[in-house]
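Participant: Pasting a structure below so you can have a look.
Protein chains in written order, with the numbering used here: chain A, 308 to 431; chain B, 2 to 134.
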């Protein structure tokens, strides 16, 4: 019964044609991506335990367009996850009521802003 | 006989109710820790984004990064808080995704969460030590 209900829920495209569902999906997807990246990030910083040269070696290795693009994506996802999370906190703990659909746009705007700022910092 | 059956059924029913209550409490507790850690992380991420934007200007080098971080105890304290909050926050989300999307059971989800928490905490603190000490 539970499985059938789940299948119906999953196949119900109408439930997915909705800004709130996209907000949920992007929040989950960005969270998962950041969680996967985190150990790699920590490992890279851990190179400093083997001396400055080891960290420099990694930084030189990562200094290529594909890595920069991935870093840019991660910064955008980080800002998106943070802004989306603040939106959830405000919905759950804030004094406001109503649909507050424009808050999703606000969270997306924060991510865009971070993306532009990081891109500008990269070329600066 | 019927009375005994009802008693047995009643006991099983109350065990089920206890199980459901325990599960609800566990879920509420996870929700609570995810939200509390999120409040800390929101501030940490804002500061981290500012650090990132500052640091990547003109490219990254070990000398530049470690020049800022070595012996900087304010930096160490901030990033330790960041790592601890992440070690609380990340496992809740990962275990939720595993339960909802990968069919992982309640108990297995708890152990998965503990493993992720340990990994984030250990690797994160190691990274803080690596750049500060």
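Where a beta carbon is used, it is the ideal one built from N, C-alpha and C, also for glycine.
Please classify residue 2/B as buried or exposed, where buried requires at least 16 neighbouring CB atoms within 10 angstroms.
Facilitator: Low confidence applies here, because residue 2/B scores a pLDDT of 48, under 50, leaving its location unreliable; read the following figure in that light. Around the beta-carbon of residue 2/B, fewer than 16 other beta-carbon atoms lie within 10 Å, marking it exposed.
Participant: Using C-beta distances below 8 Å, list every residue in its chain close to residue 86/B, excluding the 5 sequence neighbours before and after it, in chain order.
Facilitator: 38, 41, 42, 45
Participant: Short of 7 Å in beta carbon distance, which residues of its chain neighbour residue 34/B, apart from the five on each side in sequence? Order them along the chain.
Facilitator: 89, 93
Participant: Can you find the residues in the same chain that come closer than 6 Å, C-beta to C-beta, to residue 422/A, ignoring five residues on each side of it along the sequence?
Facilitator: Excluding positions up to five away in sequence, the list reads 383.
Participant: Listing by chain order, which chain A residues have their CB less than 7 Å from the CB of residue 61/B?
Facilitator: What residue 61/B touches in chain A: 366.
Participant: Could you tell me the distance, in whole angstroms, from the CA atom of residue 321/A to the CA atom of residue 111/B?
Facilitator: So the alpha carbons of these two residues sit roughly 33 Å apart.
Participant: Residue 118/B: which of 429/A, 331/A, 343/A sits nearest, CA to CA?
Facilitator: Ranking 429/A, 331/A, 343/A by Cα distance to residue 118/B puts 343/A first.
Participant: Between 365/A, 352/A, 323/A, 325/A, which has its C-alpha nearest residue 123/B's C-alpha?
Facilitator: Residue 352/A is the option with its Cα nearest to residue 123/B.
Participant: Where are the alpha helix (DSSP H) runs, 4 residues long or more, that stay fully inside the region 23–97 of chain B, in chain order?
Facilitator: 63–70
Participant: Express the C-alpha separation of residue 401/A and residue 30/B in angstroms, rounding to a whole number.
Facilitator: Taking the straight line from one Cα to the other gives about 20 Å.
Participant: Shorter than 8 Å from the beta carbon of residue 91/B to some beta carbon of chain A?
Facilitator: yes
Participant: DSSP on residue 319/A, reduced to helix/strand/coil?
Facilitator: Coil, per DSSP.
Participant: In the DSSP assignment, the alpha helix (DSSP H) including residue 115/B goes from what residue to what residue?
Facilitator: 107–133
Participant: Do residue 113/B and residue 96/B come within 8 Å of each other at the CB atom, strictly closer than that value?
Facilitator: yes
Participant: Quick check: the region 390–397 of chain A against the region 352–372 of chain A, are there 3 or more CB pairs under 8 Å?
Facilitator: no
Participant: In three-state terms, what does DSSP make of residue 420/A?
Facilitator: Correct three-state label for residue 420/A: helix.
Participant: According to DSSP, is residue 405/A helix, strand or coil?
Facilitator: coil
Participant: Does the CB of residue 371/A have a neighbour CB from chain B at under 8 Å?
Facilitator: Judged by the 8 Å Cβ criterion, residue 371/A is not in contact with chain B.
Participant: Assuming residue 358/A is part of the alpha helix (DSSP H), what are its boundary residues?
Facilitator: Counting along the chain, residue 358/A falls outside any alpha helix (DSSP H), and DSSP gives it neither H nor E.
Participant: For residue 375/A, which residues from the same chain have a beta carbon less than 8 Å from its beta carbon, with the 5 sequence-adjacent residues on both sides left out?
Facilitator: 429
Participant: Pairing CB atoms from the region 325–345 of chain A with CB atoms from the region 399–414 of chain A, are three or more of them under 8 Å?
Facilitator: yes
Participant: If the cut is a Cβ gap below 8 Å, which residues of chain B does residue 429/A touch?
Facilitator: 57
Participant: In terms of residue numbering, what span does the alpha helix (DSSP H) encompassing residue 340/A cover?
Facilitator: 326–353
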